[in-house]
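Engineer: Add 198 to a position in the sequence shown, counting from 1, and you land on the number used in my numbering.
Here it is: the structure, laid out below.
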Amino acid sequence: MKTLVVYYSRTGKTGMIAEEIANTLGCDIEEIIDTKSRSGILGWLRSGNDARNKSLTVLNDLVNDPADYDLVVIGTPVWAGHVSAPVRTYISQKQAYFNNVAFFCTAGGNNFAGVFMDMTDLAGTSPTGTLGISGKDIKSGTYQSKIQDFAKVIQM
Ligand SMILES: Cc1cc2nc3c(=O)[nH]c(=O)nc-3n(C[C@H](O)[C@H](O)[C@H](O)COP(=O)(O)O)c2cc1C
């Protein structure tokens, strides 16, 4: 199965999980780059507002075409209980080109349901698997076994 991991990460946590998933699956990986500054306290506030308002943003050009893949695994940080604006934009733009999707997210806490609902609605299709990683999972290292379980499910 030809698989692409595609993710946005503001501070590196979702990126770290994305790398681990791509290494586990031995597949391609691509980072979504936002043209909007999201650094510092202003960037943090803007990000929360964008997520709450379901705003779209402008992304840098992407290299990989999702239509070339059997499965696209999409990762986002949780922002104000929602999918991040860059990933909302990515799914909205590519929605017609996905064959199958799976979703993952990272959050400070462990409430992931709203994000996966957002992503499912945007993609217009149910994911073959979902993975939520909390700050605690990252600190304790339990994210590793969760990635292994997720990889098994989405490769079936
Ligand atoms: C604007 C903003 C809003 C956030 N809202 C939530 C939230 O509602 N729930 C939560 O558990 N974590 C929330 N977080 C924490 C991030 O989801 C968490 O730190 C995530 O792992 C960051 O991923 P990244 O390093 O890939 O950017 C928020 C972070 C930001 C910047």
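By construction, the Cβ of each residue, glycine as well, lies at the ideal position given by its N, Cα and C atoms.
Is Ala305 near ligand 1, in the sense that its beta carbon is under 8 Å from a heavy atom of that ligand?
Structural biologist: yes
Engineer: Spell out a yes or no on whether the region 219 to 230 and the region 203 to 210 are touching, meaning 3 or more CB-CB pairs, one atom from each, closer than 8 Å.
Structural biologist: yes
Engineer: Roughly how many whole angstroms lie between the Cα atoms of Trp242 and Arg236?
Structural biologist: 6 Å
Engineer: Between which residues of its own chain and Ile331 is the CB-CB distance below 6 Å, once the five residues before and five after are set aside?
Structural biologist: Annotation for Ile331: Ile215, Thr304 and Tyr341 place their beta carbon closer than 6 Å to its own, counting only its chain and skipping 5 residues before and after.
Engineer: Is the CB-CB distance between Tyr288 and Leu257 below 9 Å?
Structural biologist: Cβ distance < 9 Å, so Tyr288 and Leu257 count as in contact.
Engineer: Alpha carbon to alpha carbon, what distance is there between Arg208 and Lys344?
Structural biologist: Our two residues, Lys344 and Arg208, have alpha carbons roughly 22 Å apart in a direct line.
Engineer: Note the first and the last residue of the continuous alpha helix (DSSP H) segment covering Ala283.
Structural biologist: For Ala283, the enclosing alpha helix (DSSP H) stretches over residues Ala283 to Lys292.
Engineer: What do you reckon, is the C-beta of Ala249 under 8 Å from a heavy atom of ligand 1?
Structural biologist: yes
Engineer: When you compare only the Cα positions, how much space is there between Ile239 and Ala278?
Structural biologist: 15 Å
Engineer: Less than 9 Å separating the beta-carbons of Thr326 and Leu254?
Structural biologist: no
Engineer: From Lys334 to Lys211, what does the alpha carbon distance come to, in whole angstroms?
Structural biologist: 12 Å
Engineer: What is the rounded straight-line gap between the Cα of Ile272 and the Cα of Leu320?
Structural biologist: 12 Å
Engineer: Can you tell me the Cα-Cα spacing of Gly339 and Thr222, whole angstroms?
Structural biologist: 16 Å
Engineer: State the DSSP-derived secondary structure class of Val261, mapped to helix, strand or coil.
Structural biologist: coil
Engineer: Based on Cα-Cα distance, which residue from Asp347, Ala300 and Lys252 lies nearest to Ser324?
Structural biologist: Of the candidates Asp347, Ala300 and Lys252, the one whose C-alpha sits nearest the C-alpha of Ser324 is Ala300.
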